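Report on the structure given below.
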Amino acid sequence: METSSPWPPRPSPSAGLSLEARLGVDTRLWAKVLFTALYSLIFAFGTAGNALSVHVVLKARAGRPGRLRYHVLSLALSALLLLLVSMPMELYNFVWSHYPWVFGDLGCRGYYFVRELCAYATVLSVASLSAERCLAVCQPLRARRLLTPRRTRRLLSLVWVASLGLALPMAVIMGQKHEVESADGEPEPASRVCTVLVSRATLQVFIQVNVLVSFALPLALTAFLNGITVNHLMALYSQEPSWLCMSSAGCRTMPADSCTATSPMMDGLMSSMISITISTW
Numbered sequence: 001m002e003t004s005s006p007w008p009p010r011p012s013p014s015a016g017l018s019l020e021a022r023l024g025v026d027t028r029l030w031a032k033v034l035f036t037a038l039y040s041l042i043f044a045f046g047t048a049g050n051a052l053s054v055h056v057v058l059k060a061r062a063g064r065p066g067r068l069r070y071h072v073l074s075l076a077l078s079a080l081l082l083l084l085v086s087m088p089m090e091l092y093n094f095v096w097s098h099y100p101w102v103f104g105d106l107g108c109r110g111y112y113f114v115r116e117l118c119a120y121a122t123v124l125s126v127a128s129l130s131a132e133r134c135l136a137v138c139q140p141l142r143a144r145r146l147l148t149p150r151r152t153r154r155l156l157s158l159v160w161v162a163s164l165g166l167a168l169p170m171a172v173i174m175g176q177k178h179e180v181e182s183a184d185g186e187p188e189p190a191s192r193v194c195t196v197l198v199s200r201a202t203l204q205v206f207i208q209v210n211v212l213v214s215f216a217l218p219l220a221l222t223a224f225l226n227g228i229t230v231n232h233l234m235a236l237y238s239q240e241p242s243w244l245c246m247s248s249a250g251c252r253t254m255p256a257d258s259c260t261a262t263s264p265m266m267d268g269l270m271s272s273m274i275s276i277t278i279s280t281w
């Protein structure tokens, strides 16, 4: 014999909650305003500064050719691409309106692809610049023969091609999907998000490889090359203490061993350069 319970049925834990509460997103208004102000400053100064860098480099094309300006151009274009493409999308759909994702599946994949592309292009451009500086300091005669503006352009073109290939997997594992289904099993349009489409195990492997290739290896290479460069300068300094102040008449009256007391300063310089490289990577 069936008996009915005197108590009414319990409501679902998510009943009556907003979609953002059900999906675990509840950004306070003050946080949204704070992030908007911060993003606006970064966007304004970053866009203006990098656009000015591009303008100066392109305007100097008719002048004396130089390799450094190509590296500056590569870094500035990478930063501009990130600012102009990714930052507006991030501010709108990750700060103000979490759901639904309004830029479509292609926009989702493109957003993460551009982020990865700019990250790889930046770190590889810095690594290539460090390699050129190291060769120029340690082997100046060979560098004069090998490091030409044409070869620098080829090197940076290779950097961008490699960055395109390394960033491509991000466009595969990310995509648009619906987080919540309605009562009849249909996806709820308001729950459309841009998120990971692969399993957790696959994502962990991807993150590990990404950290290794985009962070650890370029950082180690750049720190190593900077260390070699500073170490070579220290060796030159110890052999010729007066080479840094050759144009100063006062230096010629100093004792020969007085400049060697500054070797701890050079040690500190090398340590500082490597520390700055690691902390700002």
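The numbering of the sequence shown is full-length UniProt numbering, which starts it at 1 and goes up by one. Backbone N, C-alpha and C define an ideal beta-carbon position, used for all residues, glycine too. Predicted model only: the values in this text are computed from it and were never measured.
Scanning the stretch 135–180 from its first residue to its last, the whole beta strand (DSSP E) runs of 3-plus residues come out as 174–178.
Within the stretch 192–241, complete alpha helix (DSSP H) segments of at least 4 residues are found at 200–211 and 217–239, given in chain order.
Per the C-alpha coordinates, the member of Val137, Val209, Cys118 and Trp101 positioned closest to Leu236 is Val137. Going by C-alpha positions, Leu68 is about 8 Å away from Leu129. Nearest Cα to Cys194 within the set Met89, Trp160, Leu219 and Ala119: Met89.
Burial state of Arg200 is exposed, judged by a 10 Å Cβ sphere holding fewer than 16 other Cβ atoms. Val54 and Val230 have their C-alpha atoms spaced approximately 29 Å apart.
Pairing Ala60 with Ser78, the inter-Cα distance amounts to about 20 Å. By alpha-carbon distance to Cys118, the top candidate from Ser40, Ser74 and His98 is Ser74. Excluding the 5 residues flanking it on each side, Gly49 has no same chain C-beta neighbour closer than 6 Å. The C-beta separation of Ser163 from His178 comes to about 32 Å, leaving the pair out of contact by the 8 Å criterion. The C-beta distance from Cys108 to Met174 rounds to 6 Å, short enough to meet the 8 Å contact threshold. In this structure, Lys32 places its C-beta atom within 8 Å of the C-beta atom of Val95. Here Pro218 is not near Val114, since their CB atoms are 8 Å or more apart.
With a 10 Å radius around the Cβ and a threshold of 16 neighbouring Cβ atoms, Gly165 comes out exposed. A direct Cα-to-Cα measurement between Leu233 and Val72 gives close to 24 Å. Put simply, of Tyr39, Gly227 and Gly110 the residue whose alpha carbon is nearest the alpha carbon of Leu135 is Gly227. Excluding residues up to 5 positions away in sequence, Leu135 lie with their Cβ nearer than 8 Å to the Cβ of Leu146 in the same chain.
When the alpha-carbon of Val209 is set against those of Val180, Ser238, Phe224 and Glu116, the nearest one is in Glu116. The beta-carbon separation of Ala167 and Tyr120, rounded to 6 Å, stays under the 8 Å limit for a contact.
If you draw a straight line from the Cα of Tyr92 to the Cα of Tyr39, it is about 11 Å long.
The C-alpha of Ile207 lies about 37 Å from the C-alpha of Leu58. The shortest C-alpha to C-alpha distance from Leu158 to any of Ala127, Ala143 and Arg133 is the one to Ala127.
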